[in-house]
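First to last, the protein sequences are chains P and V. Residue numbering for the first sequence follows my numbering, starting at 30 and increasing by one per position. Residue numbering for the second sequence follows my numbering, starting at 35 and increasing by one per position. What follows is one structure encoded as structure tokens, with my remarks underneath.
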Amino acid sequence: MLSEDTEQFREVVARFLADKSPTQAVRKCMASAEGYEPDVWRQLCGEVGLAGTHLPERFGGFGFGPVELGITCQEMGRSLYCGPFFSSSVMAAHAILNQASNEQKERLLPGIADGSVIATLVLDNVADADRLGRSLFSDGARLDGTANMVVDAHIAQGFVVIASEGDGLAAFWVDAMQSGIDVEPLEALDPTRKLSRVSLSSVEGERLGDGPVDVTRLWDQLCTALAHEMIGGAEALFDSTIAYLKMRVQFGRPIGSFQALKHRAADLLMELELARAVTHEAARVLASGEGDPWTPNMAKAMAGDAYFAIAKQAIQLRGGIGFTWEEDVHLWFKRAKASEVLLGTPGWHREKMMMRMTKNSGGVDV
Amino acid sequence: MSDESSSIETIRAEVSAWLDENWSPVRPLKEWRETLVEGGWAAPTWPRAYYGRGFNETQAAAVQQVFAEKGAVGVAQAGPGRLASHTILTHGTDAQKRRYLRPILTGEEAWCQLFSEPGSGSDLAGLTTKAEKVGDRWIINGQKVWNTSAHHADFGILLARTNWDVPKHQGISYFLIDMRQAGVEVRPLKQMNGHASFNEVFMSDAEVLAEDLLGAEGEGWSIAATTLSLERQAFGSDRSGGAAKDLEGPIYDEYRAELAIALEPYTWYPQRAGRADLLLKRAEGNGAISDPLVRQEIARALCLKKGADLAAAAAVAKRRSGKHRVIPEGSIGKLAASEIARQAAHAHTLISGADALLAGANSELDGIVAEVLLSVPAISIAGGTDEIQKNIISERVLGLPKEPRFDTGPFRDVPRNIKDA
Ligand SMILES: Cc1cc2nc3c(=O)[nH]c(=O)nc-3n(C[C@H](O)[C@H](O)[C@H](O)COP(=O)(O)OP(=O)(O)OC[C@H]3O[C@@H](n4cnc5c(N)ncnc54)[C@H](O)[C@@H]3O)c2cc1C
């Protein structure tokens, strides 16, 4: 159960997004090259302060933890908010929080927390945490290589690059404006989340901290946030689909009166409830350090399956209209399909979970 | 002259001789089609009185075979035209057949189908487009949707309600409507995969002449059954245009141009079926084949496909033998197609890994895989939803008791969408 305070926080976030990110706005962002509305982003960071939800107060954030970050993500997923929140506040900021020295955090995080700096995380594999560092390299002084898919790289001023260095992985802060960087926007299956290919050729990077990258921790944090976003999207689709079952009449009766469809709705609710419970638990585990450490893997797997199952049925249960461009369902369907793969498929996460349960170690290289 | 009892050999010889005399790849397409229709080889299964020879399917297949061997172009291909011509042939008056059939065969007049409505899809008989008789014509008001090629069409086969005081199936009439009139507006309908293969058609005080009512007033539903069964037969059929589309010569250029327009709406149809045929090659190409999880999912798709293909072949054989009235293997085909498509899309996702995030020119096979992912949801809706198909299987094939009905009274009293639910 969430406390009263966190419920209030959810309401604030939900109200802001319902107002600023209706589907007309999503469609506009989706069709634009930038993919977001800078004014809304500024309000979201300034008036509401969301960009720093989970960042410590001394670095300009709210000082909330994974639970509140989850709430923000869930509401953003519900409204399909288009903007650099996930890339900058979630992906890049977590990497900095985990890896950077205190001095670096003081320098880099406040800009991200107040939204004046958009950053993103440059990974050379966005689906398999065990295969990082195979096409991004550091020789100690310079960075080279390619990342095939980077979220929001086209609008980022700063990159956190994870590259291989010697036998391990290191994180670097890179000024995205310097020469030697090529950012090529790509056509994404889910046009509400923009992707680019990023190539680095002898680029200057500032090493974040001096330790190796804790990939497991980073992936747990990102997947927990993404799973919340997915649950929010699944909830939006589920609710609108149930409403449709009550409204649509064929054969002289609401289609929701057909038992086949009632049972399907009940099955989906069960899948959603279980995925939601595990997703919230993942945030609790991250916040408290107590519980099964592989809960984030379970959450991402279950949220992935539930979101896509609901997305498929949201179309199917609307019949033909569900397949049209004009109807909004496909916006969530595309997000569901892309999120199923981003940061690892449900199958990948189940495998990871089994490895952690049986050996309690972070996975083996294949 | 060959007839219904002719042997395949006789037919082959006769078609060959006729083609040798008349066919030439340098003839203009329209002129060639006129010859084809005059010669009676345009539609061999049709009766002699209307451009045909009264052949059975096997005899007609032999004719088509000789055409293919000689590279001869056949009649115009467009799907909706075929539905219209067969229905008119079955239910039309002599005057209607004389007026409409020939230009469909020659390709001079294109048709579209105006059945589905925003308010009535699964429950097609719940349609609310209204036709009122005023003097010597019918005045039509209402909206249709999912109309393939309506923007190219000269005519449409139209279902409209002519009587609101009888049960729904009895108040529908079947019309042949001129699409080139002020009261008909056609707007493209874009789908979630970015294509716009369909249209919405708005009719406001559109007119149909009394002589263009097909069959009797109120008989529309039973006539529509003819059209719909033809449509079901065509579901998932090959729309490649046959061998003649790859040959060289002026007539082939004309033919290709005609095909391009007729087939344009269907370019993504192979993708909506899931492209199980690409799975193995893709997985071997990018190494995903060594992942046991991926192998399982590909295998699952290929098993389903194999089963469906064999069951379909068995159904055809049983139907030919004529001994079976209800053939389960045939009814499950459409349902199986949906399952195969979904499973293939799932396997494609796993093969792609992170590449599944991309679309268009940036993605694999020039966007084919992304198009699969965004088109597969259509297959379990188009041509009757899976749920309706399951109702049909359980009630008609398995003989399970029917659902209670709430729409058997006068149509006027049948509930419609609940607005403020
Ligand atoms: C790609 C595509 C191509 C199409 N092409 C054509 C075309 O060429 N010509 C044409 O006329 N139409 C076409 N259609 C329309 C199609 O036939 C209808 O969309 C379909 O029959 C469903 O009707 P509907 O959209 O009104 O959905 P609805 O009938 O409103 O159905 C909504 C949901 O309720 C379910 N449902 C309805 N009744 C029952 C029941 N009794 N029991 C259980 N569940 C039920 C449905 O299965 C569906 O899941 C096309 C549609 C698509 C998506």
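Note that the Cβ used here is the ideal one computed from N, Cα and C, for glycine as well.
By DSSP's criteria, residue i is part of a beta bridge. Which residues make up the other side?
i	result
Q147/V	I191/V
I173/V	E166/V and E241/V
Q330/V	Answer is none; Q330/V lacks a bridge partner.
T175/P	S228/P
I210/P	L229/P
Q191/P	First, the amino acid is wrong: residue 191/P is Ile here, not Gln. The partner list for I191/P (beta bridge, DSSP) reads A200/P.
V218/V	M237/V
F166/P	D173/P and S193/P
I206/V	R195/V
R236/P	F201/P
D212/V	F189/V
Is DSSP giving residue i helix, strand or coil here?
i	result
S61/P	coil
F352/P	helix
E373/V	helix
N56/V	helix
V395/P	Residue confidence for V395/P is low, a pLDDT of 41 falling below 50, so the modelled location carries little weight; the figure read from the coordinates is stated next. Correct three-state label for V395/P: coil.
D454/V	Because D454/V carries a pLDDT of 46, less than 50, the predicted location of this residue cannot be relied on, and the following value inherits that uncertainty. Looking at D454/V - three-state DSSP - the assignment turns out to be coil, as it is neither helix nor strand.
T442/V	coil
G126/V	coil
W248/P	helix
K49/P	helix
V107/V	coil
D204/P	strand
P67/P	helix
P201/V	strand
E282/V	coil
V403/V	helix
A265/P	helix
A217/P	strand
R87/V	coil
M30/P	At M30/P, the pLDDT of 49 sits below 50, so the modelled position is not reliable; the number obtained from the coordinates is stated separately. Coil, per DSSP.
D325/V	coil
K436/V	coil
L117/V	helix
S154/V	strand
L392/V	strand
Quick check: residue i and residue j, are their CB atoms within less than 8 angstroms of each other?
i	j	result
V200/V	F445/V	yes
E216/P	N396/V	yes
G29/V	A144/V	Look at the range of chain V in this structure, 35 to 455, and you will see that residue 29/V is not part of it.
C146/V	G88/V	no
I295/V	H185/V	no
K329/P	C252/P	yes
T260/V	T79/V	no
A388/V	V155/P	yes
N181/V	D239/V	no
Q53/P	G261/P	no
K241/P	S225/P	In the sequence on display, residue 241/P carries Pro and not Lys. Against a cut-off of 8 angstroms, the Cβ pair of S225/P and P241/P comes out as no contact.
K131/V	L123/V	yes
F11/P	R160/P	Lying outside 30 to 395, the shown extent of chain P, residue 11/P is not represented and no answer is given.
E367/P	L391/V	The sequence shown places Ala at residue 367/P, rather than the Glu named in the question. Cβ atoms of A367/P and L391/V: closer than 8 angstroms.
L150/P	V212/P	no
V358/P	G351/P	yes
F38/P	E97/P	yes
A312/P	A335/P	no
R136/V	Y85/V	yes
T221/P	R107/P	no
Nearer than 7 angstroms: is that true of the beta carbon of residue i relative to any heavy atom of ligand 2?
i	result
A289/P	No copy of ligand 2 appears in this structure; the ligands present are ligand 1.
Query raised in the report: What runs of the alpha helix (DSSP H), each 4 residues or longer, lie entirely inside the region 72 to 158 of chain P?
Result: 95 to 108, 122 to 128 and 131 to 142
Query raised in the report: In chain order, what residues of the region 332 to 351 of chain P put their CB closer than 8 angstroms to some CB of chain V?
Result: K341, I344, Q345, G348, G349, I350 and G351
Query - Interface residues of the region 84 to 117 of chain P facing chain V [CB-CB below 7 angstroms] - result: none
Query raised in the report: At which residue ranges does the region 274 to 333 of chain P contain complete alpha helix (DSSP H) runs of 4 or more residues, listed in the order of the chain?
Result: 288 to 317
Requested in this report: Give, in chain order, every unbroken run of the beta strand (DSSP E) that is at least 3 residues long and sits entirely within the region 221 to 267 of chain V.
Outcome: 232 to 243
Report task. Give the residues from the region 261 to 280 of chain P that approach chain V closer than 7 angstroms (Cβ to any Cβ), ordered along the chain. Result -> A272, K275, M276, R277, V278, Q279 and F280
Query raised in the report: Which residues, taken in chain order from the region 143 to 167 of chain P, show a beta carbon closer than 8 angstroms to some beta carbon of chain V?
Result: N154, V155, A156 and D157
Query raised in the report: What residues in the region 413 to 429 of chain V bring their beta carbon closer than 9 angstroms to a beta carbon of chain P?
Result: S414, I415, A416, T419, D420, E421, K424 and N425
Query raised in the report: According to a CB-to-CB cut-off of less than 7 angstroms, which residues of the region 314 to 348 of chain V neighbour chain P?
Result: L327
Report task. Closer than 8 angstroms, Cβ to Cβ, to anything on chain P: give me those residues from the region 190 to 222 of chain V, in chain order. Result -> none
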